[in-house]
Amino acid sequence: MIKDISKQLAVLPHQPGIYRFYNNAGKLLYIGKAKDLFKRVHSYWNNLERLAPDKQIMINQVVKIETTQVDNETEALILEANLIKQNQPPFNIDLKDNSNFAYLKITRPPKIKLFTTRKLINDGNFYYGPFTETKNLPYITRLLKKLFPQIDNRLPFYKKELVSMNDWQTMIKKVQNIFQGDNKTTLAWLTKEMKTASAAKKYEAATIWRNRLQAFQSYSEHQKIIIKDTLPLDFLALATSDNQAIIHLIKLRHGKMLFTQNFNLTKTADLTAGEIIENFLITYYTKSTDLPKQLLVEPNSLPANRLAVLQNIPPLDQIKKIIIPTRGQKKDILALAQKNATWQLNQLITAERHSLAWAKLRSVL
Numbered sequence: 039m040i041k042d043i044s045k046q047l048a049v050l051p052h053q054p055g056i057y058r059f060y061n062n063a064g065k066l067l068y069i070g071k072a073k074d075l076f077k078r079v080h081s082y083w084n085n086l087e088r089l090a091p092d093k094q095i096m097i098n099q100v101v102k103i104e105t106t107q108v109d110n111e112t113e114a115l116i117l118e119a120n121l122i123k124q125n126q127p128p129f130n131i132d133l134k135d136n137s138n139f140a141y142l143k144i145t146r147p148p149k150i151k152l153f154t155t156r157k158l159i160n161d162g163n164f165y166y167g168p169f170t171e172t173k174n175l176p177y178i179t180r181l182l183k184k185l186f187p188q189i190d191n192r193l194p195f196y197k198k199e200l201v202s203m204n205d206w207q208t209m210i211k212k213v214q215n216i217f218q219g220d221n222k223t224t225l226a227w228l229t230k231e232m233k234t235a236s237a238a239k240k241y242e243a244a245t246i247w248r249n250r251l252q253a254f255q256s257y258s259e260h261q262k263i264i265i266k267d268t269l270p271l272d273f274l275a276l277a278t279s280d281n282q283a284i285i286h287l288i289k290l291r292h293g294k295m296l297f298t299q300n301f302n303l304t305k306t307a308d309l310t311a312g313e314i315i316e317n318f319l320i321t322y323y324t325k326s327t328d329l330p331k332q333l334l335v336e337p338n339s340l341p342a343n344r345l346a347v348l349q350n351i352p353p354l355d356q357i358k359k360i361i362i363p364t365r366g367q368k369k370d371i372l373a374l375a376q377k378n379a380t381w382q383l384n385q386l387i388t389a390e391r392h393s394l395a396w397a398k399l400r401s402v403l
């Protein structure tokens, strides 16, 4: 341990806060949080041989330690998340494709457009996401454009008046019903419009509404109700190996499985399951436009005291409950998420081994 680092370690406070490691060039290497800054930062040097290889490399580069003291763990967690987001240090946990999250965006009047974007901006337009996989977005885009001719101003020539903000907000509410899996409300709306047009002997309009109804029925028939609970529910399961992890997310809305996503995280070797989950929750849900009312996680993934801390952090404070299911359908769905996380991680490990084997083979040929 170099002399300068020893002096810096010696004066660390026994207080909660944030610590930052810098190298000789002044580059920020790592940001961490601690209930006790003195104990947490000392642990890196006291247990150097037990650290993952990348963390050992990091510690050997550290020449400067900075700290910020806070009043409690909640403040530390919020500050850590914000600083990591701003600085993206190279040795912090890395959520792959984090910067490539995709959103569907619908712009406000007078020119209503629907397209995919990688940027979530607080500009008054409507966003839905994020999506890590975009293969189904063209289908969803085509469906929305068919249901809502206001998009791209594809209204009949005799209705090409400007769409008001009230009309746009009504349309957005209908779009949200679709994304929330509220198929009953959407089917009722389309059926009513078709019958109203038919009763008024507007048969061309009735045919258009019938075609829209059939398009939505085709979309919704693939969404089966698997649970009676109509609350928005997210299920998270974690699988880890060495210095990487997979989190599998299952989203249920109105009892239907809307979609599932896998998230690949690296630089996780020295983190507990709870720390990995914490990092993911803050990273993902601060970029999500669709928060659940309940978040369901595995036993031992988050200590009870951490649940209360997380629920004080925006936007996680919008999630009414973070719970561990112990029986019934919710436990079964979480088990399915765990099975998928483990399978995905095994696939990833196998692919990396094959890649290494091919690289070695090419080097000797």
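The sequence shown begins at 39 in the working numbering and counts up one residue at a time.
Just so it is clear, CB atoms sit at the ideal spot from N, CA and C, and this is done for glycine as well.
Element boundaries [alpha helix (DSSP H), containing residue i]
i, result
"residue 228", "221-237"
"residue 361", "No alpha helix (DSSP H) holds residue 361; the beta strand (DSSP E) holding it covers 359-361."
Where residue i falls, given that 16 or more other Cβ within 10 Å makes a residue buried
i, result
"residue 368", "buried"
"residue 59", "buried"
"residue 323", "buried"
"residue 180", "exposed"
"residue 272", "buried"
"residue 131", "buried"
"residue 306", "buried"
"residue 396", "exposed"
"residue 282", "buried"
"residue 177", "exposed"
"residue 148", "exposed"
"residue 39", "Unreliable positioning characterises residue 39 in this predicted model, as indicated by a pLDDT of 45, which lies under 50. A coordinate reading is not provided."
Segment limits, beta strand (DSSP E) that includes residue i
i, result
"residue 328", "Residue 328 -> no beta strand (DSSP E), and no H or E assigned at all."
"residue 294", "294-304"
"residue 279", "271-279"
"residue 289", "282-291"
"residue 154", "152-155"
"residue 333", "332-334"
"residue 143", "140-144"
Where residue i falls: helix, strand or coil (DSSP)
i, result
"residue 186", "coil"
"residue 168", "strand"
"residue 380", "helix"
"residue 200", "coil"
"residue 45", "helix"
"residue 132", "strand"
"residue 70", "strand"
"residue 125", "helix"
"residue 65", "coil"
"residue 370", "helix"
"residue 12", "Nothing about residue 12 can be read from this structure; the chain reaches only from 39 to 403."
"residue 39", "Any reading at residue 39 is ruled out, since the residue's pLDDT is 45, under 50, leaving its predicted position unreliable."
Per DSSP, cross-strand counterpart(s) of residue i
i, result
"residue 76", "According to DSSP, residue 76 bridges with nothing at all."
"residue 104", "58"
"residue 82", "DSSP output for residue 82 lists no bridge partner at all."
"residue 263", "294"
Residue i at chain C interface by Cβ criterion, 7 Å
i, result
"residue 349", "The structure shown contains no chain C; it is built from a single protein chain."
Query raised in the report: Quick check: the region 268-281 against the region 241-256, are there 3 or more CB pairs under 8 Å?
Result: no
Report task. Say whether the region 351-358 touches the region 244-258, bearing in mind that this needs 3 or more beta-carbon pairs closer than 8 Å, one atom from each stretch. Result -> no
Query raised in the report: Do the region 274-290 and the region 298-317 touch if we need at least three Cβ pairs shorter than 8 Å?
Result: yes
**Report entry** Cβ contact check for the region 202-217 and the region 144-164: 3 or more pairs under 8 Å
**Finding:** yes
**Report entry** Sufficient close CB pairs (3 or more, under 8 Å) joining the region 93-109 to the region 153-162
**Finding:** no
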